[in-house]
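Down below is the structure, laid out as structure tokens.
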Amino acid sequence: MSAPSFGQEQEEEDGAYESQAKRLKPSAEEGESREEPVPRTGDCSGGNAGGSFHKVPVSPVVHVRGLCESVVEADVVEALEKFGTICYVMMISFKRQALVEFEDIESAKKCVTFALSEPLYIAGQQAFFNYSTSKRITRPENTNSVSGGNKVLLLSIQNPLYPITVDVLYTVCNPVGKVKRIVIFKKNAIQALVEFKSVMCAQKAKAALNGADIYAGCCTLKIEYAKSTRLNVTRNDNCSWDYTKPYLGRGDRVEGSQRQAILGEHYSSFRHDGYGSRGPLLPLPSRYQMASWDTQELVAYPLPQASSSYMYGGNTSGSVVMVTGLHQQKMNCSRIFNLFCLYGNIEKVKFMRSIPGTALVEMGDEYAVERAVTHLNNITLFGKKINVCVSKQNSIIPSQLFELKDGTSSSKDFTMSKNNRFTSAGQVSKNIIQPPSCVLHYHNVPPCVTEETFVKLCDDYKVLRFIKHKVFDPKPSAKTISGLLAWECKTHAMEALSVLNHYQIKDPNGSDPYTLKLCFSTSSHL
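Taking the working numbering, the leading residue of the sequence shown gets -5, the next gets one more, and so forth.
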């Protein structure tokens, strides 16, 4: 009997979970055991991150649910390898699930039994486990064959807080396996195709780098085999490079000194404040070192660059995003600014008269655009799923103004706004860029502000109230306070942030108002 296909595996898994949606009650007569359903995690989007535990025959394949959006194959392996040897992992990212095939049934039993008795976390979030209806995961063709495999890898860069160029990817990939060509493409996410000299080099790179962070805590690599078998590069620049043709578009380089020259020129052209030097040699985490394949232990990681048009001296190409699907009654230029300013400086915002619910956002640089697309595309805001993608325009062209549904102007210039948060190196270093979450960090509010003040603010502006509040102990000399506000889900938190961020709070003991500053917190709960 042949192994089921990927679609069959998913259909069987979902059907088995849905058939046991209610808790099974114990029956002394029938001798049934009581089975507890796996709790569902709170998510306003209606997704089922958990699911109910169900009766499925013991299998060496374990079905994992409730994974966080940014989890990669390496996170799953790291969390579960203590139960036994893992043969294969199939990520089902769009459903936040995975299938894990252990070498033997005993290892799978250990995993499922352990998860029933106490929480089991993957990448910091509790996951839920049961046996799969499949006895073996169907492998993609040729992934295990050196002679028939693919030497081109598809790299998806998750949480790209810093610039990703061919220089960066070459520096990371080439020490593991000889790189021939790289092509980077950016639309709704940052991805790259990397062609290696051989299938063996590609296999080494995938095994060594999948799940690794290019920079600490960000720019995570998710690596898969590509469908393409060879890359066609027409020009050597920041987004594509053919290392077999060093004179393609740039005749001043030779292959022998190519890597050193690229890194030097690239970073000296960015900054002149001491941050332009080549980064130190950093060791790869031990789980990514493949000693048996003679993988180099040290990889040169370029130093992260601050992103701001104020620091680069003007806009670069691709600094405009198009936002579609906006709620026409509840979104305006200021509220778009309140949300997008967390990922970079905002120059201008303009709504399009011809396409209702669509706006253009001109940001400080292309890297701010990349962060905004990565973190805000496909989020739900005021019941509308918005799409954020790179616009073909390099800047917003002034046009005739009109009134939005709420009476505000269709266009607004934020170039000189004091609420932009990336106008200096000092400001950039203070911004911890986070994906949307259900917890907001607030700061820059006067000590007179209490929980009741925030409750009234939510009611006055018709956003859902938070469910938890925490205030940090201020320093004796502090003139402001800060704390955390937690909502039931990230959608409600995003709505509150878009409405209340930069609200002017009057201080009864002072003349100048305080500007409420909100951002997504690194805490997942209070």
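Ideal Cβ positions, reconstructed from N, Cα and C, are used throughout, including at glycine.
As the structure is a prediction and not an experimental result, all values here were calculated from the model.
Measure the C-alpha to C-alpha separation of residue i and residue j and round it to an integer number of angstroms.
| i | j | result |
| --- | --- | --- |
| residue 27 | residue 384 | Low confidence applies to residue 27: its pLDDT is 32, below 50, so where it sits in the model is not reliable enough to give any reading. |
| residue 459 | residue 449 | 6 Å |
| residue 100 | residue 87 | 27 Å |
| residue 231 | residue 162 | 12 Å |
| residue 82 | residue 153 | 25 Å |
| residue 447 | residue 332 | 20 Å |
| residue 121 | residue 388 | 43 Å |
| residue 521 | residue 172 | Absent from the structure is residue 521, since the part of the chain shown begins at -5 and ends at 520. |
| residue 484 | residue 430 | 6 Å |
| residue 90 | residue 473 | 44 Å |
| residue 219 | residue 49 | 34 Å |
| residue 428 | residue 327 | 22 Å |
| residue 510 | residue 156 | 27 Å |
| residue 406 | residue 342 | 6 Å |
| residue 352 | residue 62 | 29 Å |
| residue 78 | residue 126 | 17 Å |
| residue 321 | residue 454 | 19 Å |
| residue 347 | residue 209 | 41 Å |
| residue 491 | residue 512 | 6 Å |
| residue 386 | residue 60 | 36 Å |
| residue 497 | residue 515 | 18 Å |
| residue 329 | residue 104 | 50 Å |
| residue 52 | residue 84 | 19 Å |
| residue 440 | residue 461 | 22 Å |
| residue 76 | residue 98 | 13 Å |
| residue 58 | residue 92 | 5 Å |
Among the options, whose alpha-carbon lies nearest the alpha-carbon of residue i?
| i | options | result |
| --- | --- | --- |
| residue 236 | 487, 160, 203, 194 | 160 |
| residue 358 | 416, 320, 120, 405 | 416 |
| residue 180 | 394, 199, 50, 314 | 314 |
| residue 204 | 68, 183, 195 | 68 |
| residue 354 | 361, 74, 221, 317 | 317 |
| residue 464 | 492, 200, 433, 486 | 433 |
| residue 393 | 386, 403, 399 | 403 |
| residue 375 | 435, 319, 51 | 319 |
| residue 494 | 339, 321, 436, 56 | 436 |
| residue 421 | 213, 130, 54, 339 | 339 |
| residue 401 | 439, 325, 451 | 325 |
| residue 361 | 486, 114, 131, 158 | 158 |
| residue 369 | 105, 174, 488, 479 | 488 |
| residue 124 | 94, 364, 151 | 94 |
| residue 131 | 107, 96, 109, 111 | 96 |
| residue 165 | 183, 423, 199 | 199 |
| residue 229 | 222, 239, 221 | 239 |
Drop a sphere of 10 angstroms on the beta-carbon of residue i, count the other beta-carbons inside from all chains shown, and report buried for 16 or more, exposed for fewer.
| i | result |
| --- | --- |
| residue 519 | exposed |
| residue 224 | exposed |
| residue 396 | exposed |
| residue 504 | exposed |
| residue 426 | exposed |
| residue 345 | buried |
| residue 226 | exposed |
| residue 409 | exposed |
| residue 477 | buried |
| residue 54 | buried |
| residue 466 | exposed |
| residue 502 | exposed |
| residue 175 | buried |
| residue 151 | buried |
Counting only beta-carbon separations shorter than 7 Å, does residue i have a partner in chain C?
| i | result |
| --- | --- |
| residue 93 | In the structure shown, chain C does not exist; there is a single protein chain. |
Throw me the rounded Cβ distance for the residue i and residue j pair, which I believe falls under 8 Å.
| i | j | result |
| --- | --- | --- |
| residue 373 | residue 380 | 6 Å |
| residue 146 | residue 196 | 7 Å |
| residue 242 | residue 186 | With 8 Å as the limit, residue 242 and residue 186 do not qualify as a contact, their Cβ atoms being about 18 Å apart. |
| residue 177 | residue 144 | Not confirmed; about 15 Å, so no contact. |
| residue 413 | residue 508 | About 13 Å separates the two Cβ atoms, so there is no contact after all. |
Exercise for review: Go through the stretch 427 to 498 residue by residue and report every complete run of the beta strand (DSSP E) that reaches 3 residues or more, in order.
Suggested key: Within the stretch 427 to 498, the runs of beta strand (DSSP E) that reach at least 3 residues and sit entirely inside it are, in chain order, 433 to 439, 462 to 465, 475 to 480.
Exercise for review: Ignoring anything shorter than 3 residues or poking outside the stretch 166 to 243, list the beta strand (DSSP E) runs there in chain order.
Suggested key: The stretch 166 to 243 contains these whole beta strand (DSSP E) runs: 173 to 180, 184 to 190, 207 to 209, 212 to 219, 234 to 236.
Exercise for review: Identify every run of the beta strand (DSSP E) within the stretch 82 to 168, keeping only runs that are complete inside it and at least 3 residues long; order them along the chain.
Suggested key: Counting only unbroken stretches of 3 or more residues, the beta strand (DSSP E) elements lying wholly within the stretch 82 to 168 are 91 to 96, 114 to 116, 119 to 125, 146 to 152, in sequence order.
Practice item. Pick out the complete beta strand (DSSP E) segments inside the stretch 341 to 394, 3 residues or longer, and give them in chain order. Key: Listed in chain order, the complete beta strand (DSSP E) runs (minimum 3 residues) inside the stretch 341 to 394 are 353 to 357, 381 to 384.
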